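Q: Protein sequence lines correspond, in order, to chains A and B.
Quick note: the first sequence uses full-length UniProt numbering, first residue 1, plus one each step.
Quick note: the second sequence uses full-length UniProt numbering, first residue 1, plus one each step.
Using N, Cα and C, we set each Cβ at its ideal position, and we do this for glycine too.
In this text, all values refer to a predicted model and were calculated from it rather than measured experimentally.
Number of protein chains: 2
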Amino acid sequence: MPATAPLRSRKAQIDRTATALFRARGFAATSMRELATELGLEAGSLYSHIKSKEEILHRVCFGLAEEFFAGFAAATADASVPVAGQLRQAIEGHVRVLTRDSAASAVFLHEWRHLSEPARTEFLALRDRYEASFRELIQRGIAAGELHAPDAAFAALTLLASLNWLPAWYKPDGKLTPDEIAHRLAEQLLGGLLVNA
Amino acid sequence: MPATAPLRSRKAQIDRTATALFRARGFAATSMRELATELGLEAGSLYSHIKSKEEILHRVCFGLAEEFFAGFAAATADASVPVAGQLRQAIEGHVRVLTRDSAASAVFLHEWRHLSEPARTEFLALRDRYEASFRELIQRGIAAGELHAPDAAFAALTLLASLNWLPAWYKPDGKLTPDEIAHRLAEQLLGGLLVNA
DNA sequence: TTTGCTTGCTAACGAGCGTTAGCAAGCATA
DNA sequence: TATGCTTGCTAACGCTCGTTAGCAAGCAAA
Numbered sequence: 001m002p003a004t005a006p007l008r009s010r011k012a013q014i015d016r017t018a019t020a021l022f023r024a025r026g027f028a029a030t031s032m033r034e035l036a037t038e039l040g041l042e043a044g045s046l047y048s049h050i051k052s053k054e055e056i057l058h059r060v061c062f063g064l065a066e067e068f069f070a071g072f073a074a075a076t077a078d079a080s081v082p083v084a085g086q087l088r089q090a091i092e093g094h095v096r097v098l099t100r101d102s103a104a105s106a107v108f109l110h111e112w113r114h115l116s117e118p119a120r121t122e123f124l125a126l127r128d129r130y131e132a133s134f135r136e137l138i139q140r141g142i143a144a145g146e147l148h149a150p151d152a153a154f155a156a157l158t159l160l161a162s163l164n165w166l167p168a169w170y171k172p173d174g175k176l177t178p179d180e181i182a183h184r185l186a187e188q189l190l191g192g193l194l195v196n197a
Numbered sequence: 001m002p003a004t005a006p007l008r009s010r011k012a013q014i015d016r017t018a019t020a021l022f023r024a025r026g027f028a029a030t031s032m033r034e035l036a037t038e039l040g041l042e043a044g045s046l047y048s049h050i051k052s053k054e055e056i057l058h059r060v061c062f063g064l065a066e067e068f069f070a071g072f073a074a075a076t077a078d079a080s081v082p083v084a085g086q087l088r089q090a091i092e093g094h095v096r097v098l099t100r101d102s103a104a105s106a107v108f109l110h111e112w113r114h115l116s117e118p119a120r121t122e123f124l125a126l127r128d129r130y131e132a133s134f135r136e137l138i139q140r141g142i143a144a145g146e147l148h149a150p151d152a153a154f155a156a157l158t159l160l161a162s163l164n165w166l167p168a169w170y171k172p173d174g175k176l177t178p179d180e181i182a183h184r185l186a187e188q189l190l191g192g193l194l195v196n197a
């Protein structure tokens, strides 16, 4: 009995609110009653829209994984671009996803461990594949003489680490726009990678 | 009725085991019964040694904070060392703490949010102070012409981010020793900061 | 031998958890 | 008017949670 038509589907509202709570309190410490209250509902009512608490987490984690892959694919689609440029675009794409929905990103980064099997293993496989993509890109950059690093795997981990800390401090109303942040991060991180820094 | 004298106090054993569980499952998802089982005890027996579940978390978080501050103080004690050298030592000190007890480090980095007030606010103040120390060190390095970065605060966040990802992938029996990791991280991160990279 | 500390047990408490069953109101479509 | 989908309620289920009370065994010091 909705008084006004919901802007998005109720399910999407639940996902959004749950994501914010999961980020703030953690998945395990967020109760369905808390989530329902935040939405002005009773706990039982949630189950008209979702199957389980974990289903929400699953959707958030795998949904964001898709976004990250899409961003990387777009950044590396044009093979005529120098590898360093592709890496810069991949960094900016990654940051764009992180800033577009930093709550979901934080959940993606930290709460996946509460997925039960086999989802957990599937998720880790996706994450490994994503990291491998960066590693291979850096490797190609080293081979092409555009980048320098003692260890591509090490460099990839460090690079993603720097980026992934972003949701911990990013505020949408901060003085830096997402694009400025992305650009600055790319500059600073590539400064340690580019041959002629 | 201990058959053999405990190597360390029972309390310390509880802390260590709890830390490992908190890291693996998260604070909220770790039950006292699980912790007790891991130690070969019943849940109620834990309370002969500790006051509460949160007390363990408190000890771990604030204990590690002390270690980080001690490392930083040692790294920056000698004012005759160039600032870049002090920063390198601070990085290595930070990595040393992270690798010496990566489980406790992971808890320190991610589970502090389950501290209740006022401990939570106190903890965040400590963390802010630690970040500020790095920021000021970088600032001094920029002022002295030893480092270059568009924004010291930004550089400090990025630097700590790279380091703090370490507990997520560090394995004590990996091919790199803690010192090698520390050195390599310092190289790569300073490579983007040093004037003559 | 007495005292007291450390260590551990069993049993239970009140509370909160995720989830389900059954029902019903409003709405769009046929 | 009839059908069925969306949305929401109340009440309750079985279960697990952190924690406490009361008791007792082993040991070290007095």
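With a 10 Å radius around its C-beta and 16 neighbouring C-beta atoms as the bar for buried, classify residue 9 (chain B) as buried or exposed.
A: The residue is exposed, with fewer than 16 neighbouring Cβ atoms inside 10 Å.
Q: Three or more C-beta pairs under 8 Å: does that hold for the stretch 85-103 of chain A against the stretch 113-125 of chain A?
A: The stretch 85-103 of chain A, when compared against the stretch 113-125 of chain A, does not touch it at the 8 Å Cβ threshold.
Q: Apply the 10 Å Cβ neighbour rule to residue 40 (chain B) and answer buried if 16 or more other Cβ atoms are within range, or exposed otherwise.
A: The residue is exposed, with fewer than 16 neighbouring Cβ atoms inside 10 Å.
Q: According to the neighbour-count rule (16 or more other Cβ atoms, all chains shown, within 10 Å of its Cβ), is residue 93 (chain A) buried or exposed?
A: With 16 or more other Cβ atoms within 10 Å, it is buried.
Q: Can you give the beta carbon distance from residue 172 (chain B) to residue 96 (chain B), rounded, assuming they're within the 8 Å contact cut?
A: In fact, because the Cβ distance is near 13 Å, the residues do not count as touching under 8 Å.
Q: I'd like to know whether the C-beta atoms of residue 160 (chain B) and residue 165 (chain A) end up nearer to each other than 9 Å.
A: Yes, the pair counts as a contact, with Cβ atoms nearer than the cut-off.
Q: On the DSSP letters alone, give me the boundaries of the alpha helix (DSSP H) that residue 179 (chain B) sits inside.
A: 178-191 is the extent of the alpha helix (DSSP H) around residue 179 (chain B).
Q: Mind checking if residue 172 (chain B) is an interface residue toward chain A, Cβ cutoff 9 Å exclusive?
A: It does not: the Cβ of residue 172 (chain B) has no partner Cβ on chain A nearer than 9 Å.
Q: For the structure I just gave you, are there three or more beta carbon pairs, one from the stretch 54-64 of chain B and one from the stretch 9-21 of chain B, closer than 8 Å?
A: Yes, the stretch 54-64 of chain B touches the stretch 9-21 of chain B.
Q: Would you kindly report the start and end of the unbroken alpha helix (DSSP H) that includes residue 83 (chain B)?
A: Here the alpha helix (DSSP H) through residue 83 (chain B) covers 83-100.
Q: Kindly indicate which three-state DSSP category residue 160 (chain A) falls into: helix, strand or coil?
A: In the structure shown, residue 160 (chain A) sits in a helix (DSSP, three-state: H, G or I).
Q: Compare the beta carbon distance of residue 76 (chain A) and residue 188 (chain B) with 9 Å and say whether it is the shorter of the two.
A: Result no, Cβ atoms of residue 76 (chain A) and residue 188 (chain B) do not sit closer than 9 Å.
Q: Cβ atoms of residue 102 (chain A) and residue 167 (chain A): under 9 Å apart, would you say?
A: A contact, by the Cβ cut-off of 9 Å.
Q: Can you pull the chain A neighbours of residue 184 (chain B), defined as C-beta to C-beta under 8 Å?
A: Going along chain A in sequence order, the residues near residue 184 (chain B) (Cβ under 8 Å) are 150, 151, 154.
Q: Run through chain A and tell me which residues come within less than 7 Å of residue 162 (chain B), C-beta to C-beta.
A: Here the neighbours are 158, 161, 162.
Q: Pick from B:29, B:128, B:169: whose alpha carbon is nearest that of residue 69 (chain B)?
A: The residue with the shortest Cα to Cα distance from residue 69 (chain B) is B:128.
Q: Please work out which residues of its chain come closer than 8 Å, Cβ to Cβ, to residue 196 (chain B), disregarding the five sequence neighbours upstream and downstream, and give them in chain order.
A: Confidence is the limiting factor: at residue 196 (chain B) the pLDDT is only 45, short of 50, which leaves the residue's position unreliable and the question unanswerable from this model.
Q: Where does residue 39 (chain A) sit, in a helix, a strand or coil, going by DSSP?
A: Coil.
Q: For a cutoff of 9 Å on Cβ pairs, would you count residue 88 (chain A) as touching chain B?
A: Not an interface residue.
Q: Could you tell me the alpha carbon to alpha carbon distance between residue 107 (chain A) and residue 73 (chain B), rounded to whole angstroms?
A: Cα to Cα, residue 107 (chain A) sits roughly 34 Å from residue 73 (chain B).
Q: Use the C-beta contact count for residue 99 (chain A): other C-beta atoms within 10 angstroms, 16 or more gives buried, fewer gives exposed.
A: Burial call: buried.
Q: For the UniProt DNA-binding region "H-T-H motif" (31-50) of chain B, enumerate the residues whose C-beta is nearer than 8 Å to any C-beta of chain A, in chain order.
A: Within the UniProt DNA-binding region "H-T-H motif" (31-50) of chain B, no residue qualifies.
Q: Taking only beta carbons into account, state which residues of the stretch 107-122 of chain B come closer than 8 Å to chain A, listed in chain order.
A: Those would be 110, 113, 114, in chain order.
Q: So, at 7 Å on beta carbons, what are the nonlocal neighbours of residue 133 (chain A) in its own chain, with the 5 sequence-adjacent residues on each side left out?
A: Answer for residue 133 (chain A): 72, listed in chain order.
Q: Name, going along the chain, the residues of the stretch 10-29 of chain A whose beta-carbon falls closer than 9 Å to a beta-carbon of chain B.
A: Listed by position along the chain: 24, 25, 26, 27, 28, 29.
Q: Between residue 136 (chain B) and chain A, is any beta-carbon pair separated by less than 9 Å?
A: Residue 136 (chain B) does not count as touching chain A.
Q: Mapping the DSSP letters down to three states, classify residue 115 (chain B) as helix, strand or coil.
A: Reduced to three states, the DSSP call for residue 115 (chain B) is coil.
Q: Compare the C-beta of residue 54 (chain B) against all C-beta atoms of chain A and say whether one is closer than 9 Å.
A: So no, residue 54 (chain B) is outside the interface.
Q: Roughly how far, in whole angstroms, is the beta-carbon of residue 238 (chain B) from the beta-carbon of residue 46 (chain B), given that I think they are within contact range, below 8 Å?
A: Look at the range of chain B in this structure, 1 to 197, and you will see that residue 238 (chain B) is not part of it.
Q: Could you name each continuous alpha helix (DSSP H) segment of 4 residues or more that falls completely within the UniProt domain "HTH tetR-type" (8-68) of chain B, going from the start of the chain to the end?
A: Correct list: 10-25, 32-38.
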